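Using my numbering, the letters of the sequence shown correspond one by one to residues 15 to 152.
All C-beta atoms, glycine included, are put in the ideal place defined by N, C-alpha and C.
A quick note: this is a predicted structure, and the numbers were derived from the prediction, not measured.
The structure under discussion appears below in the form of structure tokens.
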Amino acid sequence: MMKPYCRNDARANRDKAIFNYRLCRARRVTENSFALLSQVFRIFYTPISIRPEVVDDLILTACCLHNLLRDAYLEKNGIPYYKYDPKIPPPTENMIPFSRVGGFGSLAAFDIRNSLKSFFLSPVGQVSWQENRIDRIE
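Below you can see the structure in the form of structure tokens.
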């Protein structure tokens, strides 16, 4: 999992703040999407003891099935409706916690993070609203 730049670095460097914002936004969107997928396909609530390559295929298959069955979930105004109640938390007793690993990331991981930061600031990778969001946060 990619780590954001530390808060002090992000406050002092606008480029790092933009990277942190984009990373956190991507993580939030991914978590929300996976939560919706888990509501439909309950297999994602339990530990999956298969090879990681197969898990990737399983997730992609669930996404394809979701897209095929999506019309069945549509309610009025074409807004997707899932039977999701935020008052009822998803079961977590079967979740396996990640253990914290101390120390620093590898040099390759730092290079990837810096490459993504450069991409998010490039004309190809930037989005029109990222500067405004950082201004609101600061």
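Exercise. Along the chain, where does the alpha helix (DSSP H) that runs through Tyr10 open and close?
Worked result: Outside the displayed span of the chain (15 to 152) sits residue 10, for which this structure offers no information.
For this session: Starting from the Cα of Met15, find the closest Cα among Trp143, Ala123 and Pro61 and give me that residue.
Result: Ala123
Exercise. What span of residues does the alpha helix (DSSP H) with Lys129 cover, start to end?
Worked result: Inspection of the sequence shows that residue 129 is occupied by Ser rather than by Lys. Annotation: the continuous alpha helix (DSSP H) that includes Ser129 extends over Leu121 to Leu135.
Problem set entry | Thr60, DSSP secondary structure in three states | coil
Exercise. How many whole angstroms separate the CB atoms of Leu51 and Ala76, which I take to be in contact at a CB cut-off of 8 Å?
Worked result: 6 Å
Problem set entry | Backbone CA spacing between Lys30 and Val138 [nearest angstrom] | 18 Å
Exercise. Less than 9 Å separating the beta-carbons of Ile126 and Ile32?
Worked result: Contact: no.
Problem set entry | Helix, strand or coil at Cys20 [DSSP, three-state] | coil
Exercise. Where does Val68 fall in DSSP's three states?
Worked result: helix
For this session: Would you mind working out which of Tyr35, Glu45 and Cys78 sits nearest Arg150, comparing C-alpha positions?
Result: Of the listed residues, the one whose Cα sits closest to Arg150 is Tyr35.
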